[in-house]
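Asker: Structure in C-alpha cells, see below.
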Amino acid sequence: MKTLKCDLCDHQAQGETFEDWMNALKPHYMQAHPEIMNNPSKTKKDMEIWISENKERFDAI
Ligand SMILES: [Zn+2]
Numbered sequence: 005m006k007t008l009k010c011d012l013c014d015h016q017a018q019g020e021t022f023e024d025w026m027n028a029l030k031p032h033y034m035q036a037h038p039e040i041m042n043n044p045s046k047t048k049k050d051m052e053i054w055i056s057e058n059k060e061r062f063d064a065i
C-alpha cells in the first residue's frame, strides 16, 4: 500500500496500485478541488498529462 499526497494540497490518499490511488483521491478532488473537476477548458489531453505526471510520482515512491 502506497501513500501519496494530492498534487494540489497536503491531503494524502492510499492505494495498492495507481488506479486504486486515483479512485481514493477522486472523492477528495471533487470536494476540495471541484474547480479542476468542473473546468470545461480541461481537455482529455490535460487529463492524460495529469495521469502520467501523477503515475510518475506514484511509481517513484
Ligand atoms: Zn487536494
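No gaps in the numbering here: position 27 of the sequence shown is 31 in my numbering, and each next residue is one more. Glycine included, each C-beta is placed from N, C-alpha and C at the ideal position.
#1: Under a criterion of Cβ closer than 5 Å to any non-hydrogen atom of ligand 1, which residues qualify, in chain order?
#2: Identify whether K46 lies in helix, strand or coil by the three-state DSSP scheme.
#3: Go ahead and label A64 buried or exposed: buried means 16 or more other beta carbons lie within 10 angstroms of its beta carbon, across all protein chains shown.
#4: In the DSSP output, what is Q35 paired with across the bridge?
#5: Under the rule that 16 or more other beta-carbon atoms within 10 Å means buried, what is L29, buried or exposed?
#6: Identify, in the order they occur along the chain, each residue of the same chain with its Cβ nearer than 6 Å to the Cβ of P74, setting aside the five sequence neighbours on each side.
Answerer: Looking at the atomic coordinates:
#1: C10, L12, C13, H15 and A36
#2: coil
#3: exposed
#4: According to DSSP, Q35 bridges with nothing at all.
#5: Classification of L29: buried, given that the 10 Å Cβ count is 16 or more.
#6: The first residue shown for the chain is 5 and the last is 65, placing residue 74 beyond what the model contains.
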